[in-house]
Amino acid sequence: MLTPVLIQIIFWFVVAYCLFVGIYDLARHMNIMLALEILILGPIAARIISEFLILFFTMNETLTDIRDIQNVKLEHISKSSQHNKEVL
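Note that my numbering has the sequence shown beginning at 56, numbered continuously upward.
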C-alpha cells in the first residue's frame, strides 16, 4: 500500500523540521523552553499521529484479507453443495 509509505515520509520531514526549528531557536536564544519542547515533544507527537494513521490503513488491509478468505470459503462450500446435489 502506498499511503503508509507516504505517511512515513511525511513523518521524517516533520521530525527534520522539528529538529531544525528547535536547534535554530536554541542557537538564537529565542525561547529555550519552547525550543526544548519542540525538540523533544515534536518528534514524539509526530510519531504518535503517524502510527495512528497507519493503524487505520493496516486495519483496513486486514479486514479486506478476512473478507477475501471468507468469500473463498463460501465459494468452496457452494461448489461442494452443488456437487453433492449432482451426485444424488
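Beta carbons are placed, not taken as given, at the ideal position from N, Cα and C, and that holds for glycine.
Just to confirm, are residue i and residue j a CB contact at a threshold of 8 angstroms?
i      : j     : result
PRO98  : VAL70 : yes
LEU94  : LEU74 : yes
ARG102 : PHE66 : yes
In chain order, what residues of the same chain have a beta carbon less than 8 angstroms from the beta carbon of residue i, not counting five sequence neighbours either side?
i      : result
LEU89  : ASP80
ASN86  : ASP80
MET114 : none
Could you have a look at residue i and say whether DSSP puts it in helix, strand or coil?
i      : result
HIS131 : helix
ASN115 : helix
MET88  : helix
ARG83  : coil
Near residue i, what residues of its chain come up, given a Cβ to Cβ distance below 6 angstroms and the 5 sequence neighbours on each side ignored?
i     : result
ILE62 : SER105, LEU108, ILE109
For residue i, which residues of its own chain have a beta-carbon under 7 angstroms away from its beta-carbon, when the five flanking residues on both sides are left out?
i      : result
ASP123 : none
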